[in-house]
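One structure is given below, encoded as structure tokens.
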Amino acid sequence: MSVSEQQAVLDALGSHMHHSITDLTEAKRIPANQFLLASYYPLTQAETKAMELASKQQGSFATDLADEIHCTLTHVELRNEKNEEVNLMDTVQNPLYLQRFGLWDYDHKLCQNVGVMIQTKQFFSKLKGSVQLKLQIDQGPEKLIDIPIEISINDTLK
1 MSVSEQQAVL DALGSHMHHS ITDLTEAKRI PANQFLLASY YPLTQAETKA MELASKQQGS
61 FATDLADEIH CTLTHVELRN EKNEEVNLMD TVQNPLYLQR FGLWDYDHKL CQNVGVMIQT
121 KQFFSKLKGS VQLKLQIDQG PEKLIDIPIE ISINDTLK
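The sequence shown runs contiguously to residue 158 in our numbering.
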């Protein structure tokens, strides 16, 4: 995959990145200590071919670009409903990674839905602020994404 194709994937992830509560928070509606940064990107031709080949082999799966994208939070500024600072769990012991979710069709293109689970040290009913996420494809290009955060446990999944 060329550097420009890699950059296009990172740009797509950045332009679609948004915050969301988790399915557990939506189900229980009690103070939470985690939220999700979710996004998607169009599958590359190589990923589509790999999935087609893997689908013909029983019990196999295709790795994809999401396995090569590394996540780092470079800046975090979050406050709860009491205006108290909310800190994140240690990402050395709880590393961030891009989780693959289902495939979906956006604008007639097959896309990979992905997310990064963020865990906080404190529980919250509402969370407001911002985070900056750095995405990097192995030793290739990187992208900094500024994401405003405004979450309530009464939100619905996005």
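In this text, a Cβ means the ideal position worked out from N, Cα and C, and glycines have one as well.
Let's see if you can read the secondary structure: which residues bound the alpha helix (DSSP H) around residue i?
i, result
"residue 139", "Careful: residue 139 lies outside any alpha helix (DSSP H) and carries neither H nor E."
"residue 51", "45 to 55"
CA-CA distance, residue i and residue j?
i, j, result
"residue 52", "residue 127", "41 Å"
"residue 146", "residue 133", "7 Å"
"residue 55", "residue 42", "19 Å"
"residue 98", "residue 82", "30 Å"
"residue 143", "residue 131", "14 Å"
"residue 125", "residue 26", "12 Å"
"residue 8", "residue 35", "26 Å"
In the DSSP assignment, find the unbroken beta strand (DSSP E) run with residue i in it and report its ends.
i, result
"residue 105", "99 to 106"
"residue 77", "69 to 80"
For residue i, which residues does DSSP report across the bridge?
i, result
"residue 123", "Answer is none; residue 123 lacks a bridge partner."
"residue 170", "Here the chain comprises residues numbered 1 to 158, so residue 170 is not present and cannot be evaluated."
"residue 34", "119"
Nearest CA to the CA of residue i: which residue from the options?
i, options, result
"residue 102", "124, 44 and 112", "112"
"residue 23", "4, 33 and 73", "33"
Closer than 7 Å: is that where the CB of residue i sits relative to any heavy atom of the ligand COA?
i, result
"residue 52", "Annotation note on the ligand COA: not contained in the displayed structure, which lists no ligands."
Residues in its own chain within less than 7 Å of residue i by CB, not counting five upstream and five downstream?
i, result
"residue 66", "98, 100, 112 and 114"
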